[in-house]
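**Q** Structure in structure tokens, see below.
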Amino acid sequence: MPTPSLRTENLTIRFGGHVAVDHVTCAFQPGELTVIVGPNGAGKTTWFNLVSGQLKPSEGKVFKGEHDITGQSPSARAKAGIGRAFQLTNLFPKLSVLENVRLVVQARRGVGPRALSRAAALTDIRDEAMGYLESARLADVADYPAAALPHGDQRKLEVAMLIAMQPDIFMFDEPTAGMSVDEAPVILDLIAAIKKDMAKTILLVEHKMDVVRALADRIIVLHNGELVADGKPDEVMALPIVREIYLGVGAEDEE
Amino acid sequence: MSVSSIPATPARRIPVGRMAVYAIVFGIGLCLAFAPFLFKDVRAAEVAARICIFIVLVASYDLLIGYTGIVSFAHTMFFGLGAYGAAIALKAWGPGWDAILIGGGAGVLAALVLAVLIGLLSLRVKAIFFAMVTLAAASVMLVLASQLSDITGGEDGFTYQAPRLFSPAFKLFEDADGKVLRLFEVPLNGKVAAYYFVFLSSFVLFLVMMRIVASPMGTVLQAIRENEMRAEAIGYKVVAYRTAIFCIAAVIAALIGVVRAVWLKYTGPEVALSFHIMIDILLMVVIGGMGTIIGAVIGVVVMSLAQFYLKDLMQVAADATSGFPLLPDLLNPDRWLLWLGVLFILLVYFFPAGIAGTLMKKGSVR
Numbered sequence: 001m002p003t004p005s006l007r008t009e010n011l012t013i014r015f016g017g018h019v020a021v022d023h024v025t026c027a028f029q030p031g032e033l034t035v036i037v038g039p040n041g042a043g044k045t046t047w048f049n050l051v052s053g054q055l056k057p058s059e060g061k062v063f064k065g066e067h068d069i070t071g072q073s074p075s076a077r078a079k080a081g082i083g084r085a086f087q088l089t090n091l092f093p094k095l096s097v098l099e100n101v102r103l104v105v106q107a108r109r110g111v112g113p114r115a116l117s118r119a120a121a122l123t124d125i126r127d128e129a130m131g132y133l134e135s136a137r138l139a140d141v142a143d144y145p146a147a148a149l150p151h152g153d154q155r156k157l158e159v160a161m162l163i164a165m166q167p168d169i170f171m172f173d174e175p176t177a178g179m180s181v182d183e184a185p186v187i188l189d190l191i192a193a194i195k196k197d198m199a200k201t202i203l204l205v206e207h208k209m210d211v212v213r214a215l216a217d218r219i220i221v222l223h224n225g226e227l228v229a230d231g232k233p234d235e236v237m238a239l240p241i242v243r244e245i246y247l248g249v250g251a252e253d254e255e
Numbered sequence: 256m257s258v259s260s261i262p263a264t265p266a267r268r269i270p271v272g273r274m275a276v277y278a279i280v281f282g283i284g285l286c287l288a289f290a291p292f293l294f295k296d297v298r299a300a301e302v303a304a305r306i307c308i309f310i311v312l313v314a315s316y317d318l319l320i321g322y323t324g325i326v327s328f329a330h331t332m333f334f335g336l337g338a339y340g341a342a343i344a345l346k347a348w349g350p351g352w353d354a355i356l357i358g359g360g361a362g363v364l365a366a367l368v369l370a371v372l373i374g375l376l377s378l379r380v381k382a383i384f385f386a387m388v389t390l391a392a393a394s395v396m397l398v399l400a401s402q403l404s405d406i407t408g409g410e411d412g413f414t415y416q417a418p419r420l421f422s423p424a425f426k427l428f429e430d431a432d433g434k435v436l437r438l439f440e441v442p443l444n445g446k447v448a449a450y451y452f453v454f455l456s457s458f459v460l461f462l463v464m465m466r467i468v469a470s471p472m473g474t475v476l477q478a479i480r481e482n483e484m485r486a487e488a489i490g491y492k493v494v495a496y497r498t499a500i501f502c503i504a505a506v507i508a509a510l511i512g513v514v515r516a517v518w519l520k521y522t523g524p525e526v527a528l529s530f531h532i533m534i535d536i537l538l539m540v541v542i543g544g545m546g547t548i549i550g551a552v553i554g555v556v557v558m559s560l561a562q563f564y565l566k567d568l569m570q571v572a573a574d575a576t577s578g579f580p581l582l583p584d585l586l587n588p589d590r591w592l593l594w595l596g597v598l599f600i601l602l603v604y605f606f607p608a609g610i611a612g613t614l615m616k617k618g619s620v621r
């Protein structure tokens with residue numbers, strides 16, 4: 001086995017007496033798209049927060065490649081190549097759509113601290129940001145404040161910002177949640193395009209079965225914070241425990 | 256749902272409000288640039304210089320509260336450090352540029368060091384605790400200024416001389432007879448030089464701040480204000496940026512404090528450190544519009560004109576209505592603070608985002 005691009009080892013977090021993520025150990029390879037499933041409250045988003053650094057674990061470690069990054073801040077992890085899109089839309093609401101993406105490009109290129117150059121004059125950064133907006137079909141609304149976008153477009157912007165980070169590890173948290181049937185394909189196409197690059201590792205929390213079937217190389221199942229199943233999509237979906245805990249709730253979520 | 260609420264190709268609307276604000280600010284800028292020739296009485300010169308200085312002070316505070324979302328009550332402390340630095344040196348060494356440079360420099364440096372300390376120690380904590388820390392620091396500085404009266408002149412403050420270039424007796428240009436040259440009837444003496452020292456310093460500092468908010472860093476600051484967690488998640492060290500802008504704002508406040516000390520030739524708690532100034536800054540930034548920088552110009556002008564001229568205006572109004580019952584009493588100049596309060600409430604009611612902030616939204620997609 002080559003070195004995994006991302007690995008968590010006994011990753012655990014407790015909130016008071018409640019164990020939200022319970023000794024989760026798993027590893028991810030470049031070129032692999034893993035879908036993380038589980039009912040609401042299973043600890044999927046909490047596990048994401050532990051990996052991207054928004055939460056600090058009570059126990060256990062996170063490795064990016066060979067490096068232990070457990071003690072690193074979210075910004076340091078972002079610089080190290082762990083990119084994260086959020087489940088609840090998490091944008092800069094009063095800034096324009098373009099500025100939202102430009103901030104990401106800026107951060108990656110390290111021009112954020114430049115206090116005396118005109119942002120408008122840095123056209124290469126602007127153009128790069130516009131490129132991401134075009135691929136997410138948001139170029140037309142580039143000048144609108146992010147808060148003015150309809151929900152589906154906010155989700156697209158969220159994904160465009162993640163892609164603009166150009167991370168090694170892409171973490172999508174329900175990227176199509178609340179999107180209409182005709183909008184979701186834009187996002188799925190974007191994810192499929194990332195998947196073509198065999199150097200990238202993709203983690204995806206998703207409920208929609210068609211999405212899971214279309215994209216997943218592997219599925220892991222979280223239940224009450226524990227990793228209860230891990231394997232190829234067909235094998236995992238066939239497990240009784242998965243049918244019981246996931247499909248039951250999944251049907252509810254489809255509404 | 257899809258994209259129904261926004262047309263695919265947005266109609267380009269003319270940003271009327273934005274243009275109006277720029278026009279107003281440009282007009283104010285012209286008035287300030289030619290103030291000595293436009294407004295010839297002594298009081299007007301004082302008001303114009305105060306407006307210049309406060310525009311910088313308020314704009315630098317806007318970098319914190321409006322752009323980054325940092326609430327600080329220590330802004331006058333930094334202003335005061337600059338002012339006292341220059342003033343103490345001018346008093347000790349006599350009127351000279353070396354005194355301004357070294358004393359002012361020391362004041363600015365002290366402001367920077369203090370800002371780094373406060374920033375690094377407490378910008379990690381919640382906004383309310385940070386505000387409390389700045390309040391405590393500012394109170395300590397105020398107490399120090401009044402207790403160390405050997406150096407600071409205590410509550411009364413102290414006077415000193417500015418460099419000869421700025422003395423009213425100094426002739427900038429002489430005519431053939433050796434008299435001071437006049438331009439539009441205005442003698443080109445040291446008083447004019449002092450005003451332009453204030454104006455140009457303020458102008459340069461203001462331009463620097465306009466540049467900062469239009470820079471990549473300016474956008475990062477707004478991002479931190481909008482969504483701190485996300486700013487961190489895309490790779491910005493939020494504490495570092497907060498500390499940086501806190502220091503930048505502190506240094507600018509201290510620099511304009513130096514200018515204030517040179518212009519007034521007097522420094523004391525009332526003009527350089529007191530919480531009255533802090534409250535004025537807060538009111539001005541709210542009236543002008545937080546997060547606009549340019550709003551500082553409008554906020555400061557409205558407040559300063561009200562503070563300096565509302566009494567006069569009310570005297571006129573009281574005299575004009577002397578035949579009516581009750582009205583002259585209401586309009587008595589002694590009640591000017593009441594009317595200032597009414598004015599403030601009306602402004603906040605009709606311009607919830609400040610004058611500049613509210614106007615700029617008109618006709619704009621933002």
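Keeping their order, the protein sequence lines are chains A and B.
Here my numbering is used: the first residue of the first sequence is 1, the next is one more, and so on.
Here my numbering is used: the first residue of the second sequence is 256, the next is one more, and so on.
Built from N, CA and C at the ideal position, the CB exists for glycine as well.
So, for M198 (chain A): in the same chain, excluding its five sequence neighbours on each side, which residues have a beta-carbon less than 6 Å away from its beta-carbon?
**A** So the list reads G31, once near-sequence residues are dropped.
**Q** Look up G250 (chain A) in the DSSP assignment and say whether it is helix, strand or coil.
**A** Low confidence applies here, because G250 (chain A) scores a pLDDT of 46, under 50, leaving its location unreliable; read the following figure in that light. G250 (chain A) falls in the helix class under three-state DSSP.
**Q** So, with DSSP's three-state summary, where would you put K232 (chain A)?
**A** Coil, per DSSP.
**Q** Give, in chain order, every residue of the region 460 to 472 of chain B whose Cβ lies closer than 9 Å to some Cβ of chain A.
**A** Per Cβ criterion, the list reads V463, R466, I467, A469, S470, P471, M472.
**Q** Helix, strand or coil: how does DSSP classify G550 (chain B) here?
**A** If DSSP states are grouped into helix, strand and coil, G550 (chain B) belongs with the helices.
**Q** Going by DSSP in three states, A304 (chain B) sits in which element: helix, strand or coil?
**A** The answer is helix: DSSP assigns A304 (chain B) an H, G or I state.
**Q** Would I187 (chain A) and T201 (chain A) be called neighbours here (beta carbons separated by less than 8 Å)?
**A** Contact: no.
**Q** Quick check on R137 (chain A): does DSSP put it in helix, strand or coil?
**A** Looking at R137 (chain A) - three-state DSSP - the assignment turns out to be coil, as it is neither helix nor strand.
**Q** Quick check on the DSSP output: the alpha helix (DSSP H) that includes A20 (chain A) runs from which residue to which?
**A** Unbroken run through A20 (chain A) is the beta strand (DSSP E), 18 to 28; no alpha helix (DSSP H).
**Q** Would G83 (chain A) and L162 (chain A) be called neighbours here (beta carbons separated by less than 8 Å)?
**A** Going by C-beta atoms, G83 (chain A) is nearer than 8 Å to L162 (chain A).
**Q** Does any residue of chain A bring its CB to less than 8 Å from the CB of Y322 (chain B)?
**A** No, Y322 (chain B) does not count as interfacial toward chain A.
**Q** Going by alpha carbons, who is nearest to M615 (chain B) out of B:L476, B:S470, B:G543, B:L364?
**A** When each option's Cα is compared against that of M615 (chain B), the closest is B:G543.
**Q** A469 (chain B) and R118 (chain A) look like a contact to me (Cβ under 8 Å); what is the Cβ gap, rounded to whole Å?
**A** Yes, A469 (chain B) and R118 (chain A) are in contact; Cβ-Cβ is about 5 Å, under 8 Å.
**Q** Mapping DSSP to helix, strand and coil, what is D68 (chain A)?
**A** Strand, per DSSP.
**Q** If the cut-off is 8 Å on Cβ atoms, which residues from the region 153 to 168 of chain A count as contacting chain B, listed in chain order?
**A** For the region 153 to 168 of chain A, which is checked against every Cβ of chain B, the residues closer than 8 Å are D153, M161, M165.
**Q** Which residues in the same chain have their Cβ closer than 7 Å to the Cβ of V540 (chain B), if we skip the five residues on either side of it in sequence?
**A** Hits under 7 Å: V313, Y316, D317, I320, G321, A551, G554.
**Q** Locate the beta strand (DSSP E) running through H207 (chain A), then write down its first and last residues.
**A** From DSSP, H207 (chain A) is part of no beta strand (DSSP E); its letter is neither H nor E.
**Q** With a cut-off of 8 Å, do at least 3 Cβ pairs link the region 478 to 498 of chain B to the region 442 to 461 of chain B?
**A** Taking 8 Å as the limit for Cβ pairs, the verdict is that the region 442 to 461 of chain B does not touch the region 478 to 498 of chain B.
**Q** Whether or not the region 343 to 362 of chain B and the region 529 to 537 of chain B are in contact is what I'm after, with contact meaning three or more pairs of Cβ atoms, one per stretch, closer than 8 Å; do they touch?
**A** Contact fails: fewer than three Cβ-Cβ distances are below 8 Å.
**Q** Tell me, to the nearest whole angstrom, how far the beta carbon of V453 (chain B) is from that of W518 (chain B); I am working on the premise that it is less than 8 Å.
**A** Yes, V453 (chain B) and W518 (chain B) are in contact; Cβ-Cβ is about 5 Å, under 8 Å.
**Q** Measuring only the C-alpha atoms, how far is F334 (chain B) from M464 (chain B)?
**A** In a straight line, the C-alpha of F334 (chain B) is about 16 Å away from that of M464 (chain B).
**Q** Can you confirm whether W478 (chain B), when its beta carbon is compared against all beta carbons of chain A, has any partner nearer than 8 Å?
**A** Correcting the residue identity first, residue 478 (chain B) is Ala in this sequence and not Trp. Yes, its Cβ sits closer than 8 Å to a Cβ of chain A.
**Q** Determine the contact status of L199 (chain B) and A572 (chain B), defining contact as a CB-CB distance below 8 Å.
**A** No statement about residue 199 (chain B) is possible, as the shown extent of chain B runs from 256 to 621 and does not include it.
**Q** Pull the bridge partners of D173 (chain A) from the DSSP assignment, please.
**A** D173 (chain A) is bridged to A:V205.
**Q** Please return the same chain residues whose Cβ sits closer than 8 Å to the Cβ of E174 (chain A), not counting the five positions on each side in sequence.
**A** Taken in chain order, the residues that qualify are Q87, V205, E206, H207.
**Q** Taking Cβ positions only, does S260 (chain B) come closer than 8 Å to chain A?
**A** Legend: pLDDT at S260 (chain B) = 45, less than 50; position of this residue unreliable, no value from coordinates given.
**Q** If I'm right that R257 (chain A) touches S52 (chain A) with Cβ under 8 Å, what's the distance once you round it to whole angstroms?
**A** The structure shown does not extend to residue 257 (chain A), since chain A spans only 1 to 255, so no value can be given for it.
**Q** Decide yes or no for the touch test of the region 323 to 343 of chain B against the region 488 to 500 of chain B: beta carbon pairs closer than 8 Å, at least 3 of them.
**A** These segments touch.
**Q** Please go through the same chain and pick out, in chain order, the residues whose beta-carbon is closer than 6 Å to the beta-carbon of F563 (chain B), but skip the five residues on each side of it.
**A** So the qualifying residues of the chain are V302.
**Q** Please classify F281 (chain B): is it buried, with 16 or more other beta-carbons within 10 angstroms of its beta-carbon, or exposed?
**A** Exposed.
**Q** When you compare only the Cα positions, how much space is there between K191 (chain A) and R7 (chain A)?
**A** Per the sequence presented here, residue 191 (chain A) reads as Ile, with Lys not at that position. If I take the Cα positions, the gap works out to 21 Å.
**Q** Buried or exposed for G433 (chain B), please, with buried defined as at least 16 other CB atoms from any protein chain shown within 10 angstroms of its CB.
**A** Exposed: under 16 other Cβ atoms inside 10 Å.
**Q** Does the region 413 to 433 of chain B come close enough to the region 336 to 346 of chain B to have 3 or more Cβ pairs within less than 8 Å?
**A** Output reads yes: the region 336 to 346 of chain B touches the region 413 to 433 of chain B.
**Q** Looking at I125 (chain A) and R102 (chain A), is the spacing between their C-beta atoms short of 8 Å?
**A** Contact: yes.
**Q** Give the secondary structure of T34 (chain A) by DSSP, where H, G and I count as helix, E and B as strand, and everything else as coil.
**A** In this structure, T34 (chain A) counts as strand in the three-state DSSP scheme.
**Q** Which residues in chain A have a C-beta closer than 9 Å to the C-beta of E487 (chain B)? List them in chain order.
**A** The answer, in chain order, is G53, Q54, S73, P74, S75, A78.
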